[in-house]
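What follows is a single structure, written as structure tokens, with notes after it.
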Amino acid sequence: MSTILEPGQIEASAVMPPFLHLPPANLFALRAARLEHLAEGNALGDYLRLIAQLCRVQQQLVDNPPGGLPVAEERQRLCISHGLPPLAADSLVREGPWLVWLQALLMHFDSEASGALGEALQTLRDSDDSQRKGWGIALLAGQYDAVPAALVPFIGAALQAAWSSWLLALPAPELKPAGSLAQCPACGSPAMAGVVRNRGKHNGLRYLACSLCACEWHVVRVKCVYCESSKDLRYTSLEDDRHAPGKAPLRAECCPACESYLKQNYLENDAAAEPLADDLASLALDIRLDEEGFHRLAPNLMLAPG
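Under numbering that gives the first Met the number 0, the sequence shown has 181 at position 182, and the numbering climbs by one with no breaks.
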């Protein structure tokens, strides 16, 4: 005799998917390679190559950290037990342990660099820790008007390298979902993009990638991560001859309820896709969606909007 399970029983009996997917130790090297690949034939090729160069510096910093984990083990446990992110960006960016990462990053660039790159680097070198901290606070708060646009990639790179390194140094983090679907459980920052994975225990699952520490956390598919509506969601891509309809490796999940969207990478269609790199290489999609009245809420710390 067979037993018919009610929906609630089916959910309870299913194996819960892994909540977290941590970034690999060579995250920034992989990101740099992806950017260099995407730069070929892209209208923003030079910019993508510059960000690739920054990513290689980030990898060097992560491989040889200029500073240790700034959160004591007791503070980690206390945060996790209360459902708070142990690497809370809003507090750590003010405490300033990431500033040594910015200084270390600057040392990897030639002091004789010219042009716009040289000017941006010189502005950073001439600034003191108070000014740098102010820029970092503003950047993570989304207050782009308070940060010179040319400085954003360098400050963002230092912040990302620091937080990603700290995330990987956490002892087997048992993190809990944050208050919002789009909020990172590790540092509290907003998601940058979604990734629908294609291998092993993560196959077919959607994970959101943090804009700061690169932690990925599971969120069910076909649900707006901002207003949690599942009604009339549409998926938009910049189709080209290489991809059949509905098979584009990058699509934006657009929600008519709150008029927002979030880009998503589908690894079954391109296993080499990387959230930050593919986001920067698809800014034409952002322009199109903006013209259609949809709003982007996901930050990319390597780019100043507008």
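Positions of the beta carbon are idealized from the N, C-alpha and C atoms, including for glycine.
Check, Outcome
"Assigned secondary structure, Pro310 (DSSP; H/G/I helix, E/B strand, else coil)", "No statement about residue 310 is possible, as the shown extent of the chain runs from 0 to 305 and does not include it."
"Cut-off 6 Å between Cβ atoms - residues of its own chain near Gly95, not counting five sequence neighbours on either side", "Lys132"
"For Met106 and Leu60, the rounded distance between their alpha carbons", "11 Å"
"Of the residues Pro176, Val219, His242, Ala185, the one placed nearest Leu166, counting alpha carbons only", "Ala185"
"For Lys262, the three-state DSSP class (helix, strand or coil)", "strand"
"Secondary structure of Tyr206, DSSP reduced to three states", "strand"
"Contact under 8 Å by Cβ, Ser163 with Pro298", "no"
"Classification of Ala346 by the beta-carbon crowding that lies within 10 angstroms, buried from 16 upward", "For residue 346 there is no data in the structure shown, the boundaries of the chain being 0 and 305."
"Asp277, buried or exposed, once every other Cβ within 10 Å from all chains shown has been counted against 16", "buried"
"Continuous beta strand (DSSP E) stretch holding His217: start and end", "215-217"
"Contact under 8 Å by Cβ, Ser228 with Leu211", "no"
"Cys214 versus Pro274, Gln102, Ala31, residue with shortest Cα-Cα distance", "Pro274"
"Reduced DSSP category for Arg55 - H, G, I as helix; E, B as strand; rest coil", "helix"
"Assigned secondary structure, His294 (DSSP; H/G/I helix, E/B strand, else coil)", "strand"
"Under 8 Å between C-beta atoms of Ala157 and Leu101", "yes"
"Nearest-angstrom Cα separation, counted from Leu302 out to Arg287", "18 Å"
"Ala306 and Gln57 closer than 8 Å at C-beta", "Nothing in the structure corresponds to residue 306, since the chain is present only between 0 and 305."
"Same chain only: Cβ atoms within 6 Å of Cys183, ignoring 5 sequence neighbours per side", "Cys209, Cys214"
"Residues that DSSP places opposite Tyr234 in a beta bridge", "Glu252"
"Which residues DSSP lists as bridging Gln182, in chain order", "Pro189"
"His36 - DSSP class collapsed to helix/strand/coil", "helix"
"is_contact[Leu105, chain D] using C-beta, thresh 8 Å", "Here there is only one protein chain, and chain D is not present."
"DSSP beta-bridge partners of Val195", "Arg205, Tyr265"
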